[in-house]
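Numbering (my numbering), first residue to last: 1130 to 1639.
Step one of this worksheet: look at the structure below.
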Amino acid sequence: MSWMDEFIPRRKFLELSFKGGLALAATPALLSQLLSCRGSEISQVKPSIDPQLLQQTIAYALRNGGDFAEVYLENRISRRIVMEESKFKSAVFGISQGAGVRVISGNKTGYAYTEEINEANLRRAAEIASTIARGSKKVPPQNIKETTRESFITVEVPLQEIADKKRLEVIQRANQAGLDYDPRIKMVFISYYDEIRGRVIANSEGLLVQDELPLLFFIVQTLAVGDKNRHLGRERLSRHSGFEMFDEVSPEEVARRAARESIAMLEAEECPAGQMDVVIQNGWGGVLVHEAVGHPLEADNIAKKIGAFTGKLGQKVAADIFTMVDDGTLPNRRGTTNFDDEGTQMQRNVLIRNGVLEKYMTDILSAKQLQMERTGNGRRQSFRHFPIPRMTNTFIDKGQDKPEDILASTKKGLYVQSLSGGSVNPITGIFNFTCREAYLIENGHKTKPVKGATLIGSCLDIIQNIDAIGDDLDFGPGICGKGGQSAEVSAGQPTVRIRGINVGGTKARG
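What follows is the structure in structure tokens.
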């Protein structure tokens, strides 16, 4: 019997999914029936463990040599519900479980995983990882002993205790609020997701840690249609917390924020192109430095001696007023966990302080390669993936300027209220970002909405040309992709002004 069987019998394993149009549009009652699962069956998600089996697996993984070995156990219970055009379009309830075994020998990494947790499969995964990372050096494993890590996640209303009809009500409330905002809102799209993930991590250094992480992710998109334009507004809400998230920010408020963007952008004109001063509003605008600066500061690239910040520790790389932080301890944020996916305690890492580069973000392997401390940034998508350096909650720290003064002192430029997708080359630091919602700045005032704006530049140019930072730090939730893996993150910033960004626009020159 596996540890998964101990909290939910395998014959009770359930993965229900329905998709389609009108014929499969389900009533709330049917959805509740499809998604229902007795609380007693999922009363605990944290895996039960056999320390002796973990110790044996670690020892077997090091039989062909190696500096380090690790066993990662995970199970996950999730729900996803989608509503489109006032109809429930899909509902999925899923349970997954598995374990990964990793061996590090010098610069080599061996990794193997199994979806069936038993002694034979763990031994087989250990054998494969050991063979891949075979080395002459043998480091004997220490005896594992459970360690308690500080908790940064509090839960008032556990997800296990929420009836599914409450989930459906949240979706319906947001849908109605979006439609009621303005007659020009023609469609509302809603995605609700929650999960509870249990983790157990043991390694050859004697570490044994375990926890249980709840996660909520709520997305509302609203389509507005006007005489000249149509615009799909979006708002997202996500935290590692219980269902109390919706008491702090109501589903109606999430929908109204999305609808406000949709309506505001109906009158948007084509954005002019050229070099401009750009003011970026607080919150999710921090994704710009997440991409343009954060990824180049992840230590796997530094260990390979590539990237814009290689060899620059202790050097001035940004404006004096610029401080950038990655902090996995911010209570209940989307990028927060109690420890990273290698068991390292989460911490506040000041990456750039007053313009000077102080730290890279490391996992166990890159910290070893660079002879640096572990920063708690070893993260993985699931047991099917080995950890790599990743950001958590990354942000520009607050400054002393008032947001209204930053705008008022900008004679001409672009005001970016919301950013959309973007990309960065971590080697060159060159990036481009699309603006979801933007306005011209004329004589210190936000004026006409514009569409088709993109921000183009290099990471060093951006952080060296910031000349104003507000005192209104805020965050937004996101999904970060790297190396074929996704990770939950938050990105944040106060209102900032950057002088002379290249803005790509769609307005014809004439």
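Ideal placement from N, C-alpha and C gives every residue a C-beta, glycine not left out.
All figures in this text were calculated on a predicted structure; none of them were measured in a lab.
Asked                                                                                                            : Found
Of the residues K1237, D1406, I1273, R1231, the one placed nearest E1256, counting alpha carbons only            : R1231
For N1236, the first and last residue of its enclosing beta strand (DSSP E)                                      : Where N1236 is concerned, there is no enclosing beta strand (DSSP E), given that its DSSP letter is neither H nor E.
Supposed contact pair D1196 and S1234 - C-beta distance, whole angstroms, cut 8 Å                                : 6 Å
Segment contact flag, the region 1277 to 1286 with the region 1459 to 1467, C-beta cutoff 8 Å, min 3 pairs       : yes
Option nearest Q1543 by Cα separation, candidates T1624, Q1350, G1335                                            : Note on identity: in this sequence residue 1543 is Leu, with Gln being the wrong assignment. Ranking the options by Cα distance to L1543, first place goes to T1624.
Residue range of the alpha helix (DSSP H) that includes L1426                                                    : Element bounds for L1426: n/a, residue is neither H nor E.
A1190 and A1258 closer than 8 Å at C-beta                                                                        : yes
P1555 versus D1526: straight-line alpha-carbon distance, rounded                                                 : 22 Å
Y1189 in three-state terms, based on DSSP                                                                        : helix
N-terminal and C-terminal residue of the beta strand (DSSP E) that P1606 is part of                              : 1603 to 1611
Continuous alpha helix (DSSP H) stretch holding V1383: start and end                                             : 1380 to 1393
Completely contained alpha helix (DSSP H) runs for the region 1234 to 1271, where each covers 4 or more residues : 1248 to 1261
I1291 versus C1400 - alpha carbon distance                                                                       : 46 Å
C-alpha distance - G1558 paired with Y1310, whole-angstrom precision                                             : 41 Å
CB of G1586 within 8 Å of CB of L1536, strictly                                                                  : no
Whole-angstrom distance between P1180 and F1347, CA atom to CA atom                                              : 37 Å
Bridge partners - D1449, DSSP secondary structure assignment                                                     : Looking at the DSSP assignment, D1449 forms no beta bridge with any residue, so it has no partner.
DSSP-derived helix/strand/coil call for V1317                                                                    : strand
Inter-residue spacing [alpha-carbon to alpha-carbon] between V1408 and P1312                                     : 31 Å
Any 3 or more C-beta pairs closer than 8 Å across the region 1580 to 1594 and the region 1494 to 1505            : no
Coil, strand or helix - L1202 by DSSP                                                                            : strand
Reference F1318, options G1612, D1455, T1351, G1412, closest by Cα                                               : T1351
Residue range of the alpha helix (DSSP H) that includes P1629                                                    : Position check: residue 1629 holds Gly in this sequence, whereas Pro was assumed. Premise fails: G1629 lies in the beta strand (DSSP E), 1625 to 1633, not in any alpha helix (DSSP H).
C-beta contact flag for R1328 and E1203 at 8 Å                                                                   : yes
Between the CA atoms of S1547 and G1613 - distance to the nearest angstrom                                       : 26 Å
Cα-Cα separation, D1456 to T1521                                                                                 : 6 Å
Pairwise C-alpha distance: T1238 and Q1271                                                                       : 20 Å
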